[in-house]
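One structure is given here, and the rest of the page talks about it.
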């Protein structure tokens, strides 16, 4: 039976703000299986500078971490007691998001876009 993974992300209270990504993913890839369609979305709290503290706001709590810009791409990494998270966003908004779980070791990747709200 296929393992079904559901990630629920809550929006930040007060809505999107400066220093935030609003992300929408149209493809989900579980381990080495073929990718499938996805309607997954999330917000990510970003630093006002090119690098600094950042956070994924999850239904299980906040996954704190940091953000860094490298060659026009923003990378955000974070962790909580459930998983380790890595998001990469190119200047045009193309985004890839990876979730790594332990015990058992599982990786799920998402492909879509992240934009800063206007």
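Numbering (our numbering), first residue to last: 9 to 126. Backbone N, C-alpha and C fix where the C-beta goes; we use that ideal spot for every residue, glycine too.
Review point. Is residue 68 helix, strand or coil by DSSP?
Key: coil
Exercise for review: Express the C-alpha separation of residue 60 and residue 91 in angstroms, rounding to a whole number.
Suggested key: 20 angstroms
Point to revise | residue 26 versus residue 53: straight-line alpha-carbon distance, rounded | key: Note that residue 26 scores 43 on pLDDT, short of 50, meaning its location in the model is unreliable and no value can be drawn from it.
Review point. Of all the options 38, 33, 56 and 32, which has the alpha carbon lying nearest to the alpha carbon of residue 114?
Key: 38
**Study point:** DSSP state of residue 49 mapped onto helix, strand, coil
**Key:** strand
Review point. Out of curiosity, what's the CA-to-CA distance linking residue 65 and residue 51?
Key: 7 angstroms
**Study point:** Nonlocal neighbours in the same chain, by C-beta distance under 8 angstroms from residue 99, ignoring five residues either side
**Key:** 80 and 81
Point to revise | C-alpha distance - residue 124 paired with residue 41, whole-angstrom precision | key: 31 angstroms
**Study point:** Straight-line gap, residue 103 to residue 34 (C-alpha atoms, nearest Å)
**Key:** 10 angstroms
Practice item. Let me know if residue 43 comes out buried or exposed under the rule of 16 or more other beta-carbons within 10 Å of its beta-carbon. Key: exposed
**Study point:** Exposure of residue 78, with buried meaning 16 or more beta-carbon neighbours within 10 Å
**Key:** exposed
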